[in-house]
Structure formats: structure tokens, C-alpha cells
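Notes follow once the structure below has been shown.
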Amino acid sequence: MRLLGRLRGEQVAVEDGAPSRRKQAGRSAALFVCATAFWYLRRLQGGGMPLNLAFIMDPLERVNIRTDTTFALMLAACRRGHLVYSVSPHEIGLQQACPYFLARQVEVFARLGDHYRVLQTRRLDADACAAIFIRTDPPFDAHYLMATWMLSLAEDAGVHLINSPRGIRSANEKLYALNFPELCPPTVVTANRGQIAAFVKSCGGRAIAKPTDGHGGYGVVLLKQDDSNLNALVDLLSLEGRRPIVVQQFLPEAKQGDKRLLVVDGEIRGAVRRVP
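So the sequence shown is numbered by my numbering: it starts at 461 and just counts up by one.
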């Protein structure tokens, strides 16, 4: 708990103005979660040497440094002296059965518009990494699938991947939670307009609809029974009945945010609440 207390005081001030107290608290919690992960990796490595940490991610220049969890991970890693690498999915290669990356070693900063610096670009073998963080956003398409297959070879060689490529392939972000129905609001997954309208009515006239492969709140729509555009919204989201969508009972408590838990060896090691 000493670690938790120390990290709670580690705040990130963005240089064009200090963030709100809520954002500071959220960032401090995120840093605690990040530090817990790095502490675990250092323990596995059996020493205090800097770790090679590769982040398979979308372009670093496009991240929102106020809210992006990947950036929080990278910032926490840099502050602890680790070697941080940014890798685009198309920069993953194989030589025989050994994955490698055309990686950019970067240093990141909490400065809007000037939040990273490239130190060098080089080939980085996957087995030289203490951990590889798979952080690319959906959609889960053929390119994403190919990347997970190649990264599985690194996992087979003993590299720590967070999360496991096999787990990512088998656990859809939106549908996997339905394995725990007692923790989920009433839910249907369908492309049928009539079934969706009936479900919205059964939920008291309001429900949330979202794509099965979305992220970051993209494509999330509030459906209302008395909305004259209800059918048009459903047709738009479902591609006129060709693509199933997730529809769930609207929960007013969502305004309080959602909780992200860091689980290591089956134990909850940290938590972050994200407030919209």
C-alpha cells in the first residue's frame, strides 16, 4: 500500500493549463495501475535493469494525451527509466518464426501538441522485449487478425504479451461480457428492427445501441421508443438489417463512469474509473 500512497501524489499537469481535480485523480489512478504492471514485469525479469517495452498502437501523433490509456502507460514507463517503443501494426514482421518490429524508441511528455520525441528507429526483435502491449483500436479486421497470429509466436517464445493474442482473438470486447449475465444490463444482439423496437419498449422506452466492434464511445446511440427516427437509427447502425448490433437497457448511473480493473495472476491489482 506504500506504493499506492506514493503514486496517488504523482499528478500530470498538461502544460497549456492544469487539468481538473477529477482528471488529476483519474490520471493518478491510471499511473498506479501502470506502475503495478511494470512492478510485476520487473519482478518476473528478476532485476532492476530498464525494460524494453513495445506498444503495438495506432499513430502516436493522434493520441489524446488527456484521456488515452496507452499514453498513460508509456508516460509511466518513461518516468521509471524503461525503454519505450511505438510500433504500428504494419511494422510487425517475421523472420522464420521469430517476430520483429520496425520500432520507434520514443520519449513521451505531458505537453499538448508536443507530447513525444523519437530517439531512434531500429529493428527490435520481439524476444528482446520484457513485454509487448497490444493497444490498437478496433475494428477486428483481417490485418488485426494477422497481427495477433504473428504476435502469438512471440508469446510461444516466452515473451509477456498484454493481453494474450489468443485471448484477444477469442474475446470480443462487447460480447465477452455476456458470459457474466448477472453483471450485465438486459441485452440483445440482433439486426432485426422489430426485435430491437420491442426490446426498447420492454426497457421502459430507452436503450443504448452500439456496434459490436466499436471503441471509445464511437457509434453509441440512445434509442427512444417515442423517437420518430428510431427505425432510421436502427437501419443506420445495423446496415439496414445486415449487421447485428448490441442493444442494452439505458442505465442513468453510466454518468458516474465505468471501472477498468487490472488483474494480475487472478488478483485485482488496480482500478481506474473513467468518467465521460
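The beta-carbon is built from N, C-alpha and C at its ideal position, and this holds for glycine as well.
When DSSP builds the beta bridges, which residues end up paired with residue i?
i	result
H603	None, per the DSSP bridge assignment.
D585	Y560
Q580	Q565
R666	K684
R734	D718
L513	V544, A591
H620	A591
P671	I705
Mapping the DSSP letters down to three states, classify residue i as helix, strand or coil.
i	result
K719	strand
K634	coil
D476	With a pLDDT of 43 at D476, under the threshold of 50, the modelled position of that residue is not reliable, and no figure is offered here.
G627	helix
V694	helix
R526	coil
V648	strand
L699	coil
G486	Low confidence applies here, because G486 scores a pLDDT of 46, under 50, leaving its location unreliable and the question unanswered by this model.
R653	helix
P641	helix
L554	strand
R571	coil
Can you find a C-beta in chain B that's less than 7 Å from the C-beta of residue i?
i	result
Q555	Although the question refers to chain B, the structure presented lacks it and comprises just one protein chain.
Alpha carbon to alpha carbon, what distance is there between residue j and residue i?
i	j	result
L463	Q716	With a pLDDT of 30 at L463, under the threshold of 50, the predicted position of this residue should be treated as unreliable, though the coordinate-derived value follows. Straight-line Cα distance between these residues: approximately 27 Å.
G676	G665	25 Å
K719	D725	19 Å
Q580	P704	44 Å
D686	A637	29 Å
V694	A602	26 Å
R522	C589	25 Å
D585	Y560	4 Å
A692	Y678	18 Å
Between the Cα of residue i and those of the options, spot the shortest distance and give me the residue it belongs to.
i	options	result
R653	F640, A669, L638	A669
A591	P559, H620, F569	H620
G508	R540, F531, L520	R540
F740	I552, F569, L683	Not covered by the structure: residue 740. The range shown for the chain is 461 to 736.
Q709	A651, Q556, A731, A658	A658
S624	V649, F593, V680, I656	F593
P510	A692, L533, L543, L693	L543
Which whole-angstrom value describes the C-beta separation of residue i and residue j, a residue pair presumed to lie in contact below a C-beta threshold of 8 Å?
i	j	result
C663	P641	Actually they are not in contact, since the Cβ atoms of C663 and P641 sit about 16 Å apart, beyond 8 Å.
A614	P549	A614 to P549, Cβ: 14 Å. No contact.
I516	T596	6 Å
S546	L513	Actually they are not in contact, since the Cβ atoms of S546 and L513 sit about 10 Å apart, beyond 8 Å.
R629	L611	Contact flag wrong, Cβ pair sits at about 10 Å.
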